[in-house]
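Here the structure is laid out as structure tokens; the discussion comes afterwards.
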Amino acid sequence: MNKDKLLAIKEKSLEELKNRLDYEKVYEDDEGNLKLKGKFYQNQTRLVLKNCGIIDPNNIDEYISQDGYFALNKAIFDLDRKEIIDIIKDSGLRGRGGAGFPTGRKWEAAFNQDIDTKYIICNADEGDPGAFMDRSVLEFDPHSVLEAMAICARAIGSKQGYIYVRAEYPKAVKSLQNAIKQAREYNLLGENIMGSDFSFDIDLRLGAGAFVCGEGTALMESIEGKRGMPRNKEFRTTVKGLWGKPTVINNVETFANIAQIINKGSSWFRSFGTEKSPGTKVFALVGKVKESGLVEVEMGTSIKKIVYDIGLGIQNDKKAKAVQTGGPSGGCIPTKLFDTACDFESLKEIGSIMGSGGMVVMDEDDCMVDVARFFLEFSVDESCGKCTPCRIGNKRLFEMLDDLTKGKANEETLEKLEELSKIVSETSLCGLGQSSPNPIISTMYYFKDEYQAHVGENKTCPAKRCRSLLSYLIGEKCIGCGKCKMLCPVGAISGEKRNRHEIDHDKCIKCGQCMENCPIEAIALV
18 MNKDKLLAIK EKSLEELKNR LDYEKVYEDD EGNLKLKGKF YQNQTRLVLK NCGIIDPNNI
78 DEYISQDGYF ALNKAIFDLD RKEIIDIIKD SGLRGRGGAG FPTGRKWEAA FNQDIDTKYI
138 ICNADEGDPG AFMDRSVLEF DPHSVLEAMA ICARAIGSKQ GYIYVRAEYP KAVKSLQNAI
198 KQAREYNLLG ENIMGSDFSF DIDLRLGAGA FVCGEGTALM ESIEGKRGMP RNKEFRTTVK
258 GLWGKPTVIN NVETFANIAQ IINKGSSWFR SFGTEKSPGT KVFALVGKVK ESGLVEVEMG
318 TSIKKIVYDI GLGIQNDKKA KAVQTGGPSG GCIPTKLFDT ACDFESLKEI GSIMGSGGMV
378 VMDEDDCMVD VARFFLEFSV DESCGKCTPC RIGNKRLFEM LDDLTKGKAN EETLEKLEEL
438 SKIVSETSLC GLGQSSPNPI ISTMYYFKDE YQAHVGENKT CPAKRCRSLL SYLIGEKCIG
498 CGKCKMLCPV GAISGEKRNR HEIDHDKCIK CGQCMENCPI EAIALV
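Counting in our numbering, the sequence shown runs from 18 upward without gaps.
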């Protein structure tokens, strides 16, 4: 395989691709780029996802038709190793896995290590609930990751790469296996790539579903066959990583930007986004929006534009209450801050994080205390248990939140909750524990009144979500049909046929069967 062969494949496969496309769903812009039609896509800027939904991921020729592997050819034959790194540094690309560390600086640190054995790792252990950004790229554009890893290997001097992918992504695993096989057949992976003196290959490693293995050092422990637990940060992984050798680890979305930057230049990439956060970001927009799905926008796009222009607003035309960004360890942002730009600096300033790109929209019916409890429960379940602040501290935090939702807390509970959240954040070993209190810290700051209502004299839940703090009341509309009485599992409802029934609140277990099944909606939570 050489550049002339790539050009021949591109010309032939591009014609075949255009002939098979459904132009009711796809269009060609003025620059010849193929794009998806529809209102959901018109306000997006799709760079990472540009091939998703357009090319056949199982056909390497169609990836080549979209300039695939031309960047690798350029990196091997037209650029020296330092030039590759300088392009990535100049682009300002920052890691999309959550930390936002400058990608070029990471590659340069590994390049500077004077040692023969170095490794490249793609972190595809996407574990945030409701997040599927990496999964989409792996399933629909796997070669973009393979090409980027090979470019990185060329730059730092590596011969071996690993993709650590969740076993719960069987379609992504199959897509990667097929892509690796095709790349080897085309001499784009393996020995003497494209007839050069550069050799590099990639193997897959399947994760068993531990959320903590999304943390870089825990992931490396898992690849080495050990229990996935974070390491003490004595050395950067670019100095001492996998098997004690210099290692570059980037996530799927970060790698998916690389080939385009090499092909089009750092200035092109910097034309998108902000000065400190160039490029685009993919978000998994979920929750109470009318249109949910993967959204790719320029860095700096406001939360409001994502929720209302792309997500088309809140379901059932209710009022938005908050957006949680950054996965289970992110912060909750109130509607008054929806004009905030989605970039690393702006989100950090208001107490949230970019994270890998989760974006959960909540409406007026959501209780922010219960939301914090939900995310803490996830962090407790996923803690590896290595350090005490995370292992024990998060359990105590969850117990306090649980007490709040059940009416068992008081003002002292709020003080302890705030104090312990700071301790866990400051003393935990890895990012999981350090960021797990974020939902508590942000909701207590922006929604303090809801916490106060849960511990007040009447102990109420303003959103009427915490059932332990509420009572079911049968109103005057009741026709005495007896359906609620028949369904009540504890016999808490009494009354004669055709007469208004009553609920014994001492017996009621608040299961909600009565309200959910009342044919005339005569039962309400108060």
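Yeah, the Cβ is synthetic: ideal placement off N, Cα and C, and Gly gets one too.
Predicted model, so just to flag it, every value in this text is computed and none were measured.
Do you know whose CA, among the options, lies nearest residue i's CA?
{"i": "Gly328", "options": "Gln530, Tyr58, Ala25, Ala358", "result": "Tyr58"}
{"i": "Val299", "options": "Leu51, Asn75, Ala148", "result": "Ala148"}
{"i": "Phe415", "options": "Glu428, Cys404, Lys27, Phe392", "result": "Phe392"}
{"i": "Tyr186", "options": "Leu221, Ala276, Tyr203, Cys349", "result": "Leu221"}
{"i": "Thr342", "options": "Asp326, Phe361, Lys336, Asn333", "result": "Phe361"}
{"i": "Arg63", "options": "Gly492, Gly402, Val312", "result": "Val312"}
{"i": "Thr405", "options": "Val378, Asn427, Ile279, Ser442", "result": "Ser442"}
{"i": "Ile266", "options": "Tyr181, Arg413, Asp334, Ile93", "result": "Tyr181"}
{"i": "Lys99", "options": "Asp47, Asn140, Ala170", "result": "Ala170"}
{"i": "Leu31", "options": "Asp84, Gln130, Ala92", "result": "Asp84"}
{"i": "Thr264", "options": "Val388, Glu28, Val397, Ala172", "result": "Ala172"}
{"i": "His160", "options": "Lys465, Ala200, Lys54", "result": "Ala200"}
{"i": "Gly375", "options": "Gln332, Gly424, Leu205, Val324", "result": "Val324"}
{"i": "Lys321", "options": "Cys349, Tyr40, Glu308, Thr357", "result": "Thr357"}
{"i": "Asp78", "options": "Leu51, Lys29, Lys67, Lys42", "result": "Lys29"}
{"i": "Ser213", "options": "Lys20, Gly424, Asp326", "result": "Lys20"}
{"i": "Gln332", "options": "Thr352, Val314, Cys349, Glu308", "result": "Glu308"}
{"i": "Glu292", "options": "Glu156, Glu315, Gly310, Pro454", "result": "Glu315"}
{"i": "Val397", "options": "Asp419, Lys514, Asp383", "result": "Asp419"}
{"i": "Val543", "options": "Asn516, Glu474, Lys524, Gly492", "result": "Gly492"}
{"i": "Ala439", "options": "Gly473, Gly424, Ser452", "result": "At residue 439 the sequence reads Lys, which differs from the Ala that was named. Minimum Cα distance to Lys439 is reached at Ser452."}
Helix, strand or coil for residue i, going by three-state DSSP, please let me know.
{"i": "Phe289", "result": "coil"}
{"i": "Lys52", "result": "strand"}
{"i": "Asp398", "result": "helix"}
{"i": "Pro506", "result": "coil"}
{"i": "Ala235", "result": "helix"}
{"i": "Asn267", "result": "strand"}
{"i": "Thr405", "result": "helix"}
{"i": "Gly315", "result": "Note on identity: in this sequence residue 315 is Glu, with Gly being the wrong assignment. Reduced to three states, the DSSP call for Glu315 is strand."}
{"i": "Gln341", "result": "strand"}
{"i": "Val9", "result": "Examination of residue 9 is not possible in this model, given that the chain is present from 18 through 543 alone."}
{"i": "Pro119", "result": "strand"}
{"i": "Lys322", "result": "helix"}
{"i": "Tyr44", "result": "strand"}
{"i": "Arg517", "result": "coil"}
{"i": "Pro146", "result": "coil"}
{"i": "Val543", "result": "coil"}
{"i": "Ile331", "result": "strand"}
{"i": "Thr297", "result": "strand"}
{"i": "Val472", "result": "helix"}
{"i": "Gly448", "result": "helix"}
{"i": "Pro456", "result": "helix"}
{"i": "Ser511", "result": "strand"}
{"i": "Gly348", "result": "coil"}
{"i": "Cys501", "result": "helix"}
{"i": "Cys253", "result": "According to the sequence as given, residue 253 is Arg; it is not Cys. DSSP places Arg253 in coil when its eight states are reduced to three."}
{"i": "Gly410", "result": "helix"}
{"i": "Asn140", "result": "strand"}
{"i": "Val306", "result": "strand"}
{"i": "Arg390", "result": "helix"}
List the whole-angstrom C-beta distance separating residue i from residue j, where the pair is believed to meet the contact cut-off of C-beta under 8 Å.
{"i": "Tyr179", "j": "Ile210", "result": "About 18 Å separates the two Cβ atoms, so there is no contact after all."}
{"i": "Ser445", "j": "Cys407", "result": "5 Å"}
{"i": "Glu366", "j": "Lys338", "result": "Actually they are not in contact, since the Cβ atoms of Glu366 and Lys338 sit about 21 Å apart, beyond 8 Å."}
{"i": "Thr477", "j": "Ala470", "result": "5 Å"}
{"i": "Cys13", "j": "Ser153", "result": "As displayed, the chain neither begins before 18 nor continues past 543, which places residue 13 out of reach and without an answer."}
{"i": "Cys483", "j": "Thr422", "result": "4 Å"}
{"i": "Gly121", "j": "Ile102", "result": "6 Å"}
{"i": "Asp142", "j": "Gly231", "result": "5 Å"}
{"i": "Gly529", "j": "Glu519", "result": "The Cβ separation is near 17 Å, so there is no contact."}
{"i": "Ser294", "j": "Gly317", "result": "7 Å"}
{"i": "Phe464", "j": "Met385", "result": "4 Å"}
{"i": "Ile457", "j": "Gly368", "result": "Not quite, the Cβ-Cβ distance comes to about 11 Å (not below 8 Å), so this is no contact."}
{"i": "Gly245", "j": "Arg183", "result": "Not really, about 12 Å apart at Cβ, beyond 8 Å."}
{"i": "Ile93", "j": "Lys27", "result": "With 8 Å as the limit, Ile93 and Lys27 do not qualify as a contact, their Cβ atoms being about 17 Å apart."}
{"i": "Asn204", "j": "Met18", "result": "5 Å"}
{"i": "Leu23", "j": "Phe118", "result": "Their Cβ separation, rounded to whole angstroms, is 32 Å, which puts Leu23 and Phe118 out of contact at 8 Å."}
{"i": "Lys56", "j": "Val43", "result": "Incorrect: roughly 15 Å between the Cβ atoms, too far for contact."}
{"i": "Pro74", "j": "Glu156", "result": "6 Å"}
Okay, do the stretch 121-129 and the stretch 149-165 touch, 3+ Cβ pairs below 8 Å being the bar? The stretch 121-129, when compared against the stretch 149-165, does not touch it at the 8 Å Cβ threshold.
Are the stretch 238-253 and the stretch 111-119 touching, with three or more C-beta to C-beta distances below 8 Å? Under the 8 Å Cβ criterion, the stretch 238-253 does not count as touching the stretch 111-119, having fewer than three qualifying pairs.
Would the stretch 224-242 and the stretch 433-444 be scored as touching if the rule is three or more Cβ pairs under 8 Å? Verdict: no, contact absent.
Just list the beta strand (DSSP E) runs in the stretch 165-248, keeping only unbroken ones of 3 residues or longer that don't cross its boundaries, in chain order. If you keep only unbroken beta strand (DSSP E) runs of at least 3 residues inside the stretch 165-248, you get 177-183, 218-224.
So, do the stretch 96-109 and the stretch 301-317 have three or more beta carbon pairs nearer to each other than 8 Å? Result no; under three Cβ-Cβ pairs closer than 8 Å.
Any 3 or more C-beta pairs closer than 8 Å across the stretch 521-537 and the stretch 490-502: Contact between the stretch 521-537 and the stretch 490-502 is present, because at least three Cβ pairs lie under 8 Å.
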